[in-house]
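Everything below concerns the one structure shown next.
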Amino acid sequence: MKKWLTAQDPARTVAELQTLIDQFRHIYNHQRPHRAISRQVPAQRWTDMAKTGPKDRPLDLTTQTTGDRTITANGILTFDAKRISVGTTHAGKTATVIANQTHAHIFIGTKLVRHIELQANTHAYPIYDRIGRPRKTQ
Numbered sequence: 411m412k413k414w415l416t417a418q419d420p421a422r423t424v425a426e427l428q429t430l431i432d433q434f435r436h437i438y439n440h441q442r443p444h445r446a447i448s449r450q451v452p453a454q455r456w457t458d459m460a461k462t463g464p465k466d467r468p469l470d471l472t473t474q475t476t477g478d479r480t481i482t483a484n485g486i487l488t489f490d491a492k493r494i495s496v497g498t499t500h501a502g503k504t505a506t507v508i509a510n511q512t513h514a515h516i517f518i519g520t521k522l523v524r525h526i527e528l529q530a531n532t533h534a535y536p537i538y539d540r541i542g543r544p545r546k547t548q
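All the letters of the sequence shown, read from the start, carry residue numbers 411 to 548 under our numbering.
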């Protein structure tokens with residue numbers, strides 16, 4: 411922003427400066443592609459992002475269950491007869507679980523640490539799809 415402002419005619423008042431900052435913000439969010447988000451503009455990335463619920467109707471909060479659970483030493487919490495692994499780095503911490511019939515979101519503080527799609531006859535949700543240590547990625 412400093413470079414962009416330097417390239418503009420100097421603002422003579424605070425109102426003119428605010429107008430320049432507003433112009434920069436618009437260019438930054440709506441016109442300038444960003445390398446960190448695959449050459450998209452932030453506004454388009456925001457629009458394309460999955461939202462927390464369907465935009466054509468409000469969320470049905472009556473079907474959600476919530477609760478706080480302490481994570482065991484082996485990194486597992488139990489919620490609604492389901493064993494959900496979140497990792498041993500969270501052992502002893504309190505997690506908040508928000509679930510409905512199809513999804514569960516696990517938060518520690520305000521950070522989402524796990525999101526899972528719930529299956530009808532599944533009661534265990536490991537982090538990895540196989541037993542043992544995770545394979546190193548190349």
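Think of the CB as a built atom: it goes at the ideal place given N, C-alpha and C, for glycine as much as any other residue.
{"Asked": "Give me, in chain order, the residues of the same chain whose beta-carbon lies closer than 8 Å to that of residue 513; leave out the 5 immediate sequence neighbours on both sides.", "Found": "525, 526, 527 and 528"}
{"Asked": "For a quick check, are the C-beta atoms of residue 504 and residue 484 less than 9 Å apart?", "Found": "no"}
{"Asked": "Among 509, 456, 454 and 443, which has the Cα closest to the Cα of residue 473?", "Found": "509"}
{"Asked": "Report the rounded CA-to-CA distance for residue 532 versus residue 501, giving the unit in angstroms.", "Found": "23 Å"}
{"Asked": "If you reduce the DSSP assignment to three classes, tell me which class residue 440 lands in.", "Found": "helix"}
{"Asked": "Determine the DSSP secondary structure at residue 454, reduced to helix, strand or coil.", "Found": "helix"}
{"Asked": "Which of helix, strand or coil does DSSP assign to residue 479?", "Found": "strand"}
{"Asked": "Quick one, are the C-beta atoms of residue 507 and residue 487 less than 9 Å apart?", "Found": "yes"}
{"Asked": "Take the Cβ of residue 496 as the centre, count every other Cβ of all protein chains shown within 10 Å, and call the residue buried at 16 or more, exposed below.", "Found": "buried"}
{"Asked": "Comparing C-alpha positions only, which one of 456, 480 and 489 sits nearest to residue 534?", "Found": "489"}
{"Asked": "Leaving out five residues on either side along the sequence, give the residues of the same chain with a beta carbon under 7 Å from the beta carbon of residue 537.", "Found": "495 and 497"}
{"Asked": "Taking the alpha-carbon positions, what's the residue 423 to residue 453 distance?", "Found": "29 Å"}
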